[in-house]
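Chemist: Structure incoming, see below.
Numbering (the numbering used here), first residue to last: 13 to 140.
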């Protein structure tokens, strides 16, 4: 015996997961950002040195290439940690290390370049 339902059989839509801003682990990221300050200071000093001795554009290129690479590696390590067995610690540590390095690069870049770039753009003053 068959019963006709009178329409297409479809699987109900799955429950939507939490939004991206709800998935952010605020404490984890804040702790890594604070820990990264030990690396961000020397990175900002290196960028400032390049900015002052060479060029502002060179400093931006020097900052954006590592930011791009670290952003890609951070994403890859987070995906690796999410797919790994919950009992494995190595993928979690690698993901945390990449996030720490990414925070250091972001904070160091923010400390060294945007304000100077804005001042140069608004005033037209070029470094000597």
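Glycine included, C-beta positions come from ideal geometry on N, C-alpha and C. No experiment lies behind these values; they were computed from the predicted model shown.
I need the straight-line Cα distance from residue 88 to residue 56, nearest angstrom please.
Modeler: Residue mapping note: residue 88 aligns to position 76 of the chain shown, counting from 1. Residue mapping note: residue 56 aligns to position 44 of the chain shown, counting from 1. Roughly 25 angstroms between the two C-alpha positions.
Chemist: Identify, in the order they occur along the chain, each residue of the same chain with its Cβ nearer than 6 angstroms to the Cβ of residue 95, setting aside the five sequence neighbours on each side.
Modeler: The residue you call residue 95 lines up with position 83 of the chain shown. Counting only Cβ-Cβ distances below 6 angstroms, and skipping sequence neighbours, we find nothing.
Chemist: Looking at C-beta atoms only, is the number of pairs between the stretch 107 to 127 and the stretch 42 to 54 that lie closer than 8 angstroms three or more?
Modeler: yes
Chemist: For residue 104, I'd like the list of residues in its chain whose CB is within less than 8 angstroms of its CB, leaving aside the five on either flank, ordered along the chain.
Modeler: For the purposes of this step, residue 104 is identified with residue 92 of the chain shown, where counting begins at 1. Once the five neighbours on either side are set aside, the close Cβ partners of residue 104 are 93 and 96.
Chemist: So, at 6 angstroms on beta carbons, what are the nonlocal neighbours of residue 70 in its own chain, with the 5 sequence-adjacent residues on each side left out?
Modeler: Within the chain shown, residue 70 is the residue found at index 58, counting from 1. Same-chain partners within the cutoff: 62.
Chemist: Could you compute how far the alpha carbon of residue 52 sits from the alpha carbon of residue 137?
Modeler: Counting from one through the chain shown, the residue named residue 52 turns up at place 40. Counting from one through the chain shown, the residue named residue 137 turns up at place 125. One C-alpha to the other measures close to 27 angstroms.
Chemist: Do you know whose CA, among 41, 26 and 27, lies nearest residue 33's CA?
Modeler: In the chain shown, counting from the first residue as 1, residue 33 sits at position 21. Nearest of 41, 26 and 27 to residue 33, Cα basis: 41.
Chemist: For residue 64, which of helix, strand or coil comes out of DSSP?
Modeler: By 1-based counting over the chain shown, the position of residue 64 is 52. Note: residue 64 maps to helix in three-state DSSP.
Chemist: So, helix, strand or coil for residue 168, using DSSP?
Modeler: Residue coverage of the chain in this structure runs from 13 to 140, which leaves residue 168 outside it and unanswerable.
Chemist: Is residue 32 helix, strand or coil by DSSP?
Modeler: To locate residue 32, count along the chain shown from 1; it is residue 20. Looking at residue 32 - three-state DSSP - the assignment turns out to be helix.
Chemist: So the alpha helix (DSSP H) residue 105 belongs to, where does it begin and stop?
Modeler: Locating residue 105 in the chain shown gives position 93, counting from the first residue. Where residue 105 is concerned, the enclosing alpha helix (DSSP H) stretches over 102 to 124.
Chemist: Can you list, in chain order, the residues of its chain with a C-beta nearer than 7 angstroms to that of residue 65? Leave out the 5 residues immediately preceding and following it.
Modeler: Numbered from 1 along the chain shown, position 53 holds the residue referred to as residue 65. The beta carbon of residue 65 sits closer than 7 angstroms to none of the beta carbons in its chain outside the five residues before and after it.
Chemist: Classify residue 119 as buried or exposed, calling it buried when 16 or more other Cβ atoms lie within 10 Å of its own Cβ.
Modeler: Your numbering for residue 119 matches position 107 in the chain shown. Classification for residue 119: buried.
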